[in-house]
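Heads up: the sequence shown is residues 1 to 122, going by this note's numbering. For glycine and all other residues, C-beta sits at the position ideal for the given N, C-alpha and C. Please read the structure below before turning to the comments.
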Amino acid sequence: MPRLLFSTMYVAYVVHAEANAILNKNAASVKGARLYVGLFPCNECAKLIIQSGIIEVVYASDKYKASVPFIASRKLLALAGVKTRQHSTKVSRLTLTAPDDADAAAVGSSTGGAAATGAASL
Ligand SMILES: [Zn+2]
1 MPRLLFSTMY
11 VAYVVHAEAN
21 AILNKNAASV
31 KGARLYVGLF
41 PCNECAKLII
51 QSGIIEVVYA
61 SDKYKASVPF
71 IASRKLLALA
81 GVKTRQHSTK
91 VSRLTLTAPD
101 DADAAAVGSS
111 TGGAAATGAA
121 SL
């Protein structure tokens, strides 16, 4: 097996969060949905976003905006009419505490089983 540089390995084996969210959604369709992501999507994910019918992307960081895949992504999303915006908040710090199993069962029974998640997804 040839030796691969870390960056090559990353590209070859990683599924981007956007693709993972679209492919593993908990709904029949994401058409009309809003996608929350940590980083502005790359061009490959932009194509998936457009084809899936997502109408808005909310991102936290656009730190690669000067690189070609992200310039292309921005153009693709704009041409397709997918709205993009950077998330902003006035909250400077957020702490989540996971309950132990007994607390989780009590919360689940008193709130009808609703739970909050911290993952960025659809
Ligand atoms: Zn991507």
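Residue i in three-state terms, based on DSSP
i          : result
residue 16 : coil
residue 96 : coil
residue 67 : coil
residue 33 : coil
residue 60 : strand
residue 83 : strand
Cα-Cα separation between residue i and residue j, rounded to whole angstroms
i           : j           : result
residue 63  : residue 70  : 10 Å
residue 53  : residue 24  : 15 Å
residue 21  : residue 101 : 27 Å
residue 29  : residue 51  : 11 Å
residue 68  : residue 95  : 36 Å
residue 66  : residue 41  : 13 Å
residue 93  : residue 87  : 15 Å
residue 15  : residue 97  : 28 Å
residue 79  : residue 85  : 15 Å
residue 182 : residue 45  : In this structure the chain extends from 1 to 122, so residue 182 is not present and cannot be described.
Inter-residue CB distance, residue i and residue j (contact presumed, cutoff 8 Å)
i          : j          : result
residue 34 : residue 58 : 6 Å
residue 27 : residue 48 : The Cβ separation is near 16 Å, so there is no contact.
residue 43 : residue 72 : 4 Å
Neighbour-count burial assignment, residue i, 16 or more Cβ in a 10 Å radius
i           : result
residue 142 : The shown model of the chain, from 1 to 122, leaves out residue 142, and the question about it has no answer.
residue 82  : buried
residue 91  : exposed
| Which residues are close to ligand 2, meaning CB closer than 7 Å to any heavy atom, in chain order? | Looking at this structure, you won't find ligand 2 anywhere; what it does contain is ligand 1.
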